[in-house]
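Worksheet: the structure to be examined is printed underneath.
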DNA sequence: GCAAAAGTGTTGAACGTACACCCATGG
DNA sequence: CCATGGGTGTACGTTCAACACTTTTGC
């Protein structure tokens with residue numbers, strides 16, 4: 010804030026936010042995209058997003074967008090990166106602050122999402138996307154991979170109650186490689202952050218797998234005292 | 010980019026960038042700040058920064074600012090975070106994209122910096138700063154700590170030729186704790202990324218310490234094949 | 001009774017951590 | 001000759017990675 014000698018209208022710029030929304034459904038990591046409603050590129054696939062309004066912060070704008078499309082509040086949402094190349098958008102000079110979100114897909118939300126013209130795509134089946142959105146997605150995926158080993162964010166993509174094999178499949182689809190089931194379970198349980206329930210999920214096997222909940226309160230306490238979750 | 014039905018002038022916003030500039034001088038980690046030249050808060054201490062112009066990206070704006078104040082180009086500069094609270098700046102609605110920079114302080118640059126009204130402060134002797142700049146600094150320091158264990162960015166703060174004890178003192182001042190010199194040296198040399206020179210630095214001891222250079226080319230190659238530098 | 005997924009332990013290798021002494025030299 | 005910082009090695013504990021079999025139950 011130095012070179013200009015006063016606040017000036019001259020340098021006002023359009024500011025948008027775009028959300029890279031990850032969901033995990035039927036053992037597959039998916040992304041939410043929709044058909045763009047404004048020119049240029051009207052009708053093409055785009056990330057969900059909005060211009061940032063005068064009276065809201067960037068985070069508020071992103072949460073507003075997420076609410077409009079999914080009906081969800083209090084979701085995991087984190088800033089990814091600013092995209093500000095001068096000619097990234099042929100429609101106008103516009104910078105975009107990309108944010109990535111992790112949500113729990115369930116059937117109710119799925120309906121609502123599709124009512125809003127949005128659609129879930131598996132990562133390897135994404136259509137072409139407008140502007141630099143493909144680039145945002147690959148940056149977001151990289152960030153997700155970096156973060157998911159160091160912070161317990163995987164749980165944001167699963168239902169409150171989940172089984173250990175489910176969680177393992179999620180991590181396998183984030184990192185695109187098989188993990189050893191004994192080592193995965195051992196490491197995970199060693200944190201002592203999962204609460205084992207007296208319920209089993211029998212949708213994927215006859216034996217059934219025990220359901221667990223993530224003990225977020227305990228994690229927050231441990232985190233403050235320097236503990237780090239590393240899978 | 011969904012809820013507006015056209016690109017509109019209404020949501021244009023002032024966009025600034027502020028730079029958190031770290032330097033390492035006389036064994037002390039320092040930050041570059043300057044006296045703000047515009048109202049409100051004219052004359053108070055501030056990070057260096059500028060509004061982002063219509064015809065430049067945010068990164069270009071930050072590099073322009075860095076060049077103006079230090080005369081340096083090709084420095085380490087990375088996006089930190091967007092600060093966009095609606096009332097973060099009483100002068101106007103303005104979002105700021107904070108970036109942190111690591112530079113090699115040398116005596117020539119020191120002069121130039123001070124000619125521009127900027128000043129280096131040790132981290133624990135920072136004056137009060139305008140707006141949310143204190144907050145940017147503490148976020149930047151946290152980021153520096155996270156990054157310096159996983160990426161070889163410490164070298165950005167040292168001269169091309171440096172000794173291992175110098176590097177250790179740098180890491181000790183970033184993390185604010187003593188490190189074991191044998192373990193530090195062993196780990197560091199195990200990467201085989203330092204080139205030992207046939208020169209010694211005798212400014213800090215009679216015996217003298219060998220100078221090294223960081224082999225950045227080799228690092229870039231290793232990085233591509235999945236190697237990770239973890240101190 | 002069998003197919004299909006859930007759950008369980010051990011061992012060797014690699015790595016991290018703690019720790020104490022000799023070396024080279026300028027004054 | 002001595003004070004000062006530079007440089008070196010070992011032993012122990014922890015963690016990681018690789019690996020195969022038993023359990024449960026719906027069909």
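Protein chains in written order, with my numbering: chain A, 10 to 240; chain B, 10 to 240.
Built from N, CA and C at the ideal position, the CB exists for glycine as well.
What you are looking at is a predicted structure, and each value in this text was computed from that prediction instead of being measured.
* To do: Consider the Cβ of residue 106 of chain B: report whether some Cβ of chain A lies at a distance smaller than 8 Å.
  => yes
* Against chain A: residues of the stretch 63-82 of chain B by CB proximity under 9 Å -> 63, 64, 65, 66, 67, 68, 69, 70, 73, 74, 77 and 78
* Asked: Beta-carbon of residue 141 of chain B versus every beta-carbon of chain A: anything under 8 Å?
  -> no
* Give the DSSP bridge partners of residue 108 of chain A, in chain order. => A/28 and A/88
* residue 123 of chain B: contacting residues in chain A (beta-carbon distance under 8 Å) -> Those within 8 Å of residue 123 of chain B in chain A number zero; the least Cβ separation is about 15 Å.
* Starting from residue 58 of chain B, follow its DSSP beta bridges and name the residues at the other end. => B/27
* **Closer than 7 Å at the beta carbon, the chain A residues around residue 88 of chain B** => 90 and 91
* Asked: By a C-beta neighbour count over all protein chains shown, 10 Å radius and 16 as the cutoff for buried, is residue 201 of chain B buried or exposed?
  -> exposed
* Would you report the Cα separation of residue 55 of chain A and residue 100 of chain A, rounded to the nearest angstrom? -> 14 Å
* Report the partner residues of residue 38 of chain A according to the DSSP bridge assignment. => A/33
* Asked: Whose C-beta lies closer than 7 Å to the C-beta of residue 87 of chain B among residues of the same chain, with five residues either side of it excluded?
  -> 108 and 109
* Asked: At which residues does the alpha helix (DSSP H) containing residue 169 of chain B begin and terminate?
  -> Per DSSP, residue 169 of chain B belongs to no alpha helix (DSSP H) and is neither H nor E.
* To do: Flag residue 102 of chain B as yes if its beta-carbon sits less than 8 Å from any beta-carbon of chain A, otherwise no.
  => yes
* Give a yes or no on contact between the stretch 121-135 of chain A and the stretch 39-47 of chain A, applying the rule of three or more CB pairs nearer than 8 Å. => yes
* Check residue 65 of chain B in the structure and name its three-state DSSP category. => coil
* Asked: Does the stretch 218-234 of chain B come within contact of the stretch 190-206 of chain B, defined as at least 3 CB pairs closer than 8 Å?
  -> yes
* Asked: Anyone know if the C-beta pair for residue 118 of chain B and residue 80 of chain B falls short of 8 Å?
  -> yes
* To do: Flag residue 236 of chain B as yes if its beta-carbon sits less than 8 Å from any beta-carbon of chain A, otherwise no.
  => no
* Candidates B/188, B/148, B/84 and B/134: which alpha carbon is nearest residue 173 of chain B's? -> B/188
* To do: Could you tell me which residues DSSP pairs with residue 162 of chain A in its beta bridges?
  => According to DSSP, which records beta bridges pairwise, residue 162 of chain A is partnered with nothing at all.
* To do: Measure the alpha-carbon distance for residue 156 of chain B versus residue 37 of chain B and round it to whole angstroms.
  => 19 Å
* **Selected residue, minimal CA-CA separation from residue 9 of chain B, among B/213, B/25 and B/32** => No information on residue 9 of chain B is available, as it lies outside the stretch 10 to 240 that chain B covers here.
* **residue 239 of chain A classed as buried or exposed, judged by whether at least 16 other C-beta atoms fall within 10 angstroms** => exposed
* To do: Excluding the 5 residues preceding and the 5 following residue 61 of chain A in the sequence, name in chain order all residues of the same chain whose CB lies nearer than 7 Å to its CB.
  => 24, 25, 26, 67 and 70
* To do: Determine the burial state of residue 161 of chain A: buried for a count of at least 16 other Cβ atoms within 10 Å of its Cβ, exposed for fewer.
  => buried
* To do: Could you tell me whether any Cβ in chain A is nearer than 8 Å to the Cβ of residue 164 of chain B?
  => no
* Whole angstroms is fine: what's the gap from residue 47 of chain A's alpha carbon to residue 154 of chain B's? => 43 Å
* Asked: Does residue 239 of chain A have its Cβ less than 8 Å from a Cβ in chain B?
  -> no
* To do: Select from A/176, A/136 and A/50 the residue whose C-alpha is nearest the C-alpha of residue 98 of chain A.
  => A/50
* Asked: Can you pull the DSSP bridge partners for residue 103 of chain B?
  -> B/23
* Asked: Out of curiosity, what's the CA-to-CA distance linking residue 185 of chain B and residue 194 of chain B?
  -> 18 Å
* If we cut at 8 Å on Cβ distances, does residue 85 of chain B have a partner in chain A? -> no
* Measuring CB to CB, does residue 63 of chain B end up less than 8 Å from residue 20 of chain A? -> yes
* Asked: Taking buried to mean at least 16 other C-beta atoms within 10 Å of its own C-beta, is residue 14 of chain B buried or exposed?
  -> Low confidence applies to residue 14 of chain B: its pLDDT is 44, below 50, so where it sits in the model is not reliable enough to give any reading.
* To do: Return the first residue and the last residue of the alpha helix (DSSP H) that residue 233 of chain A is part of.
  => 225-233
* Asked: How is the beta strand (DSSP E) around residue 207 of chain B delimited, first residue to last?
  -> 203-210
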